[in-house]
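For reference, the structure is listed below as structure tokens.
Protein chains: 2
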Amino acid sequence: MKFSVTVTLKKDVLDPQGKVVQNTLINLGMNDLKNIRQGKFFEIEIDEKDEPSAKNKIDQMCKKLLVNLIIEDYKINKVS
Amino acid sequence: MKFSVTVTLKKDVLDPQGKVVQNTLINLGMNDLKNIRQGKFFEIEIDEKDEPSAKNKIDQMCKKLLVNLIIEDYKINKVS
Numbered sequence: 119m120k121f122s123v124t125v126t127l128k129k130d131v132l133d134p135q136g137k138v139v140q141n142t143l144i145n146l147g148m149n150d151l152k153n154i155r156q157g158k159f160f161e162i163e164i165d166e167k168d169e170p171s172a173k174n175k176i177d178q179m180c181k182k183l184l185v186n187l188i189i190e191d192y193k194i195n196k197v198s
Numbered sequence: 119m120k121f122s123v124t125v126t127l128k129k130d131v132l133d134p135q136g137k138v139v140q141n142t143l144i145n146l147g148m149n150d151l152k153n154i155r156q157g158k159f160f161e162i163e164i165d166e167k168d169e170p171s172a173k174n175k176i177d178q179m180c181k182k183l184l185v186n187l188i189i190e191d192y193k194i195n196k197v198s
């Protein structure tokens, strides 16, 4: 089974990298840009047929390594 | 309008960062893990009411700055 995980900074956490990208895009002439925030993306393939159990394992991976729960949120989606 | 952009390395491009994450997860006991690849994620808010035109602007941002088209693929999704 294949899952995708998106990791984003929590709303109230500053995103300096995103701000730099935003300023650069505005300097390139993209004046309609209101806000941009950067995050991480993982594509995870797992050897497990049962969906709830697979999702649970992905969740464990997020909590143990992929996500800093203090400043980040994450979302798990099934791809295939 | 709000869009999300996911940027992933093309299939044949090596992903050393993903490999490190994969090895670490396996060392943590996640033996079912088959493959993991890392990418980037952007949440972009744009001041444009017309959807095709907004999408087109996001596409320009990707091509001009966010994505390295030689080694990366990208996907644009409307969020709201």
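The listed protein sequences derive, respectively, from chains P and U. Residue numbering for the first sequence follows the numbering used here, starting at 119 and increasing by one per position. Residue numbering for the second sequence follows the numbering used here, starting at 119 and increasing by one per position. Yeah, the Cβ is synthetic: ideal placement off N, Cα and C, and Gly gets one too. None of the values given here were measured: they were computed from a predicted structure.
{"Query": "Member of P:Ile164, P:Glu190, P:Gln156 whose CA lies at the smallest distance from the CA of P:Pro134", "Result": "P:Gln156"}
{"Query": "Residue span of the beta strand (DSSP E) that contains U:Asn195, given as start and end", "Result": "190-196"}
{"Query": "Burial state of U:Ile188 (16 or more Cβ within 10 Å)", "Result": "exposed"}
{"Query": "heavy atom of the ligand ATP below 7 Å from U:Ile144 C-beta", "Result": "Among the components of this structure there are no ligands whatsoever, and the ligand ATP is therefore not found."}
{"Query": "Interface partners of P:Ile164 on chain U, CB under 7 Å", "Result": "Asp150, Leu151, Lys152"}
{"Query": "Rounded Cβ spacing between U:Ile164 and U:Asp177 (contact assumed at less than 8 Å)", "Result": "Going by Cβ atoms, the distance from U:Ile164 to U:Asp177 rounds to 11 Å, so no, they are not a contact pair."}
{"Query": "Candidates P:Glu190, P:Ser198, P:Leu183, P:Lys196: closest to U:Asn141 by CA position", "Result": "P:Leu183"}
{"Query": "Range covered by the alpha helix (DSSP H) that runs through P:Val138", "Result": "134-145"}
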